[in-house]
Each structure stands twice: as C-alpha cells, then as structure tokens.
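Each remark here refers to the structure printed beneath this line.
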Amino acid sequence: MTYKNSVAVYLRKSRQDPDDESIEETLARHEGILMETAKRQNLIVTAVYKEVVSGDGLFTRPEMVRLLQDIENDKFTAVLCVAIDRLGRSSQKDGGIILETFQEHNVFIITPQKTYDLSDEIDEQSVEMQSFLARQELKSIKRRLQAGTRASVADGYHICEPPYGYRRAYVDKHPTLEIYEDEAKVIRMVFDMYVNQGLGSQLIADTLNSMGYKPRKNDRFSRTTIRFYLQNPTYAGKIVWNRRRHIKKKLPTDKHKTVPNSEDKWIVADGIHKAIIPQELFDAAQEIRLTRTHPPSFTGELKNPFAGLIYCKNCGFAMQRQFSKKSGDRMLCATKGCNRSVGTKYIEDYVLNSIRQTLKDCTSAVENNVQSETQKQAEMIRTNIKDIKKELTSLNNQKSTLHDLLEKGVYDIPTFLERGNILNDKLQSAEKILKEKQEQLTDIETAPPIKEAIPIMEQLLTEYETLSPYEKNTLYKRLFKRLTYTRTKTQKNNTFTLNIEWRYIL
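Heads up: the sequence shown at position 500 corresponds to 528 in the numbering used here, and the numbers run straight through without jumps.
Following this line, the structure appears as structure tokens:
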C-alpha cells in the first residue's frame, strides 16, 4: 500500500490567518484547499481532524492527540495539512513527540507545496528546520503580546474577563470596565458584612444564597468565592496582573492548573475604571482577613477509620469526620446542603455486616467449589470480545471495498468520504466497546480473588474493638477501593445508601 491510500487531513487555525476570520471559516477554507490537493494528487482521504479548541501545548489540542493515537494504531499512511507549522510549533518537546510518532509509523507529511518522507534524511532535516523556525516565530509573537499586555496594564486597562460586579467597556478602543449595578450592590454587601458586621465568608455566602442572589457561573455562592471577592483589588479601582501562572499539561489527562506568583512578580497599576468600594474599606478587609487566618488543627493522629475511602455520591468530595458533644461522632459532606450526615457507628456497622456476609459467602463458595458470579461475567465478556473482533474484521473488509470502488470511479470523493465516515464511525464505536470490554476483562483477571482476602476479613472482625482508627483504616484500605455514600431527606432513622467497591473479585 502506498502512502496515498489512507490519508488523514489535519486542520488548525494559526495566528497567521486573518483575525477577522472565524475558526470555522478558516478551517472550511483550508479544507477546500486540501481536498483540491487530494484530488490533484489522487490521495484517498479517510478522516478529517478539525482542531476547533486549540492551544500552544500538545495536550491542549485534543484532535492532534487523537490523530497521534490513530497513527500509533497504524490507521494512516500520510497526513495532509496546509503547512508544516500547523502540526505544531509550541515547544521542542511537543514537536519531537509529533515527528517521532510520524517517523516510527512511516507516515508521510503532505502539504499543497511538497510531500515529505521522514525516512529520507533531507526531508527530515527540512521538516525539523521549518519546525524550528516556526517555534522561534511563535516565541517572538508571544514576547510582543506579553510586552503589549504589560503596557496595557500599566496604562490602567483591564484585559482579562470582567469580574463579578463589572461589565466590559472600551475607552478609545482600549478594554476597561464599567460597573454593573445589579452585581455591584452584592459586592458592596459582601464588604459591608465582612468589615462592618463581622460576618465570616461562609456566613456571608449563606446569607446571599438565602436572599436569592447567584454568582455568574454557579447556582450558589461559596466561602471560596467570597474570599476571592474580598482579595480582589479591582473593586478598589486597581489593576493587578500576573498574580498566577499557568502550568502546562504534561499528559492528556492532566487538568488545567495555576499556581500563585510571589508578590514581587505582580504588576499593579491604577485602573481607569471606577471603583465599587473605597480603598479604605478594601484595606480594612485585608487586615481582618489576615488576622482571621487559623493554623490547621490536625495533630497527626488519625481519628477517622474511613479517611481517604468514603466519598459523597452527589458532589464527589471526600466525606469528613466531625465530633461534637451534642451529636457525637458523625460523617458528613462538607458541601453545604449536599448530603445529610449520619453517625459514624452506623457506617461502621453497615461495613462490618457487609464484610461478615462476604466472608460467609466466600467461605461457602470455596468449600463447595462454586463458580462465582464474576467468573461467569468474565466468560460472557470473552464471548463479547470474540463477537466484536468478528465485526471489526467485517468492517475493515468493507473499508477495503470502498477503496476499490473509489479507484474504479464508482464513487466520487464526496461519496467516498460520506461512506467512509459512516464506516469509520462504526469502526470507532466497535473499537471503543472492544477496549472497554478488554479493560473489564483485564480488571477481573488481574484482581485477586476474594478468597485471598479471607485472612484480612477475619482479622478485622476478630480484633475490631481493640484496633486504633489508623489500624482499622489500614485494613479497610486493603479490602476496599472506595465507599460511595448518599442519604436523602426521605431516608429516616439513620438509614443511608453505601456502595462498596472491593479490591478483590467477588
């Protein structure tokens, strides 16, 4: 098979494209250019990757990540793009990952001007040189943008998203802020309650929620949101830039992170926008905030036997242990109004009873050599995997037939792409299901059987009253991956729902 028989199209907007052209318009224009190139060079295009949400880093470009994964699965022989720099010009590391993936799988790079064979030393050097020059150009653009940003901030312009209480405005085409009174009155209330009435952040949030006010991006105010307002000097007429820096993703699964910069790196200037609160009130809030800071009260002694194990089903956060003379030892969700609390002893009783029943069933199954439900499930999954592989073979045969019909002129390119996309959707769906089934089977085959947990269960049940919370927690973590808790208003008399995820195959 030549490099022309299975070509992927990769589309991505660049800073070189017209600013007044939307991403969709740019990608459509580029797609037209590349399809004309494919027709002229007799390329068989089997997939199109459109980078709608794009960033500088490799792992902020989901379509490129997906393309690289498909290349590693040997789906393509070439990639068609409008220019080398559209594949990436962010960092030497990211560029190296892209080019190495192309090289290892013998994937050609095709542009309207030239076709590059990365196994050819001259072509390889040419691609590397173009990528290097593109990276240098990007760095130069970033430096100019950063210099422009610093100058705008120093002049008092507000260039990022308007905070709560303000709306975007412009002065001589420069971005600034105008007061949005519906929200600004809430900001004034926050500072008044904090400074003049002595209320804490959580109580302020609860008060605003009870009055029916809402923040922009959530249904309820939180303690964290109130603290952010109290620390934001924009409300006192200031502009502060570079308070935080962004951490580049290292893996596709990484979440976007920011970390605070030291104050000597901040850029502070007087804004040209009007202040919502006077500087004296803002300064008073900072003094109170600093004096209300409390050190953590954790002494190093673990008192929660379910620490790091039990989570709220509704919000996903870890449940916390709380003790009071009135209600005793309880497990609760820290998210206000999320899940009702329950006495820790009731959760302990539930878990211990589950362990007793599991131990009884396990002992009986071992003595009678009974096949477990999980073993039956594994056999069913193996059968499903065989059926899916047969379906994939059939779909791939249909895909080969499509190529023959295109070559014979039965299908034109639009029809071929339409039929090919339908087949690709079916292939991707089948491959996704196959991967899920294989992962399920791997989990079952690699997890130890429950009979291996018998000594742990027996120790926990026999010695439970003499064990410390730390020792209980250690044994629980050897048995369980996660406990998921929920308790609704309709569940009375300390009843609740608890899902137990074992480390062993039941």
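Beta carbons are placed, not taken as given, at the ideal position from N, Cα and C, and that holds for glycine. These numbers come from a predicted model, not from an experiment.
I'd like to confirm the pairing. Which residues does DSSP put opposite residue i in its beta bridges?
i: Glu-211; result: BP columns for Glu-211 are empty, so no partner.
i: Met-359; result: Arg-349, Val-370
i: Asp-298; result: Lys-266
i: Glu-529; result: Arg-510
i: Cys-340; result: Tyr-513
i: Phe-136; result: Ala-106
i: Leu-39; result: Lys-78
i: Leu-205; result: Arg-196
i: Pro-288; result: Arg-272
Excluding sequence positions up to five away, which residues of its chain have a Cβ less than 7 Å from the Cβ of residue i?
i: Val-110; result: His-58, Ile-61, Leu-62, Thr-139, Pro-140
i: Ala-197; result: Thr-204, Leu-205, Glu-206
i: Asn-134; result: Ser-147
i: Val-155; result: Ile-112, Leu-127, Ile-137, Tyr-144, Leu-146
i: Lys-331; result: Arg-349, Pro-497
i: Val-64; result: In the sequence on display, residue 64 carries Glu and not Val. If we look at Glu-64 and ignore the five residues flanking it on each side, it has no Cβ neighbours.
i: Lys-41; result: Ile-51, Thr-54, Leu-55, Ser-82
i: Tyr-31; result: Thr-105, Ala-106, Phe-136
i: Cys-366; result: Cys-340, Asn-342, Cys-343
i: Gln-426; result: Leu-451
Considering only the alpha carbon of each residue, which of the options lies closest to residue i?
i: Gly-123; options: Asp-48, Glu-149, Met-157; result: Met-157
i: Asp-113; options: Glu-149, Arg-172, Arg-349, Leu-39; result: Leu-39
i: Cys-361; options: Phe-345, Ser-355, Asp-432; result: Phe-345
i: Asp-440; options: Ala-481, Gly-265, Asn-70, Met-485; result: Asn-70
i: Val-199; options: Gly-184, Cys-343, Ala-212, Asp-389; result: Gly-184
i: Tyr-513; options: Ile-338, Glu-329, Lys-418; result: Ile-338
i: Gln-307; options: Asn-260, Ala-393, Lys-520, Arg-251; result: Asn-260
i: Gln-230; options: Asn-246, Tyr-241, Val-214, Arg-255; result: Arg-255
i: Phe-334; options: Asn-501, Phe-219, Glu-480, Val-438; result: Asn-501
i: Thr-429; options: Gly-448, Ser-355, Leu-380, Ser-382; result: Gly-448
i: Asn-424; options: Gln-405, Gln-131, Glu-459, Ala-393; result: Glu-459
i: Phe-310; options: Arg-273, Asn-289, Tyr-257; result: Tyr-257
i: Lys-213; options: Ile-304, Glu-315, Ser-180; result: Ile-304
i: Arg-384; options: Glu-446, Thr-490, Glu-464, Gln-314; result: Thr-490
i: Arg-195; options: Thr-518, Gln-487, Glu-493, His-301; result: His-301
i: Tyr-222; options: Ile-478, Glu-100, Ala-312, Lys-170; result: Ala-312
i: Gln-456; options: Val-438, Glu-149, Thr-421; result: Thr-421
i: Gly-265; options: Met-359, Tyr-492, Ile-413, Val-181; result: Val-181
Report all residues from its chain with a CB closer than 6 Å to the CB of residue i; omit the five preceding and five following residues, and keep chain order.
i: Arg-248; result: Asn-237
i: Val-73; result: Val-35, Val-37, Ala-66
i: Glu-253; result: Looking at the sequence shown, residue 253 is not Glu but Thr. The residues are Pro-243.
i: Leu-462; result: Ile-416
i: Ser-250; result: Ala-233
i: Thr-262; result: Pro-191
i: Asp-357; result: Phe-351, Thr-372
i: Thr-443; result: none
i: Glu-211; result: Tyr-192, Gly-193
By Cβ distance, which residues of its chain are closer than 8 Å to residue i, with the 5 residues on each side in sequence left out?
i: Thr-391; result: Ile-482
i: Asp-48; result: none
i: Lys-103; result: Ser-34, Ala-36, Thr-74, Ala-75
i: Thr-177; result: Ile-187, Trp-269
i: Asp-98; result: Ala-36, Ala-75, Phe-104
i: Asp-151; result: Tyr-144, Asp-145
i: Thr-363; result: Cys-340, Asn-342, Cys-343, Phe-345
Taking 8 Å as the cut-off, does the segment 371-381 touch the segment 466-477 (at least 3 CB pairs, one atom from each stretch)? no
The segment 456-472 touching the segment 403-422, judged by at least three CB pairs closer than 8 Å: yes
Contiguous beta strand (DSSP E) assignments of at least 3 residues, all confined to the segment 54-85: Runs found: 73-79.
Would you say the segment 265-273 touches the segment 294-305, given that touching needs at least three Cβ pairs under 8 Å? yes
Would you be able to state if there are at least three C-beta pairs under 8 Å between the segment 500-509 and the segment 521-533? Output reads yes: the segment 500-509 touches the segment 521-533.
Okay, do the segment 224-242 and the segment 148-162 touch, 3+ Cβ pairs below 8 Å being the bar? no
Is the segment 513-526 in contact with the segment 351-371, if contact means three or more CB pairs nearer than 8 Å? yes
Which residue spans inside the segment 420-496 form an unbroken alpha helix (DSSP H) run of at least 4? DSSP assignment within the segment 420-496 yields the following whole alpha helix (DSSP H) runs of 4 residues or more, N-terminal first: 441-474, 482-491.
Any chance you could list the beta strand (DSSP E) runs of at least 3 consecutive residues sitting entirely within the segment 133-202, in chain order? 136-138, 194-199
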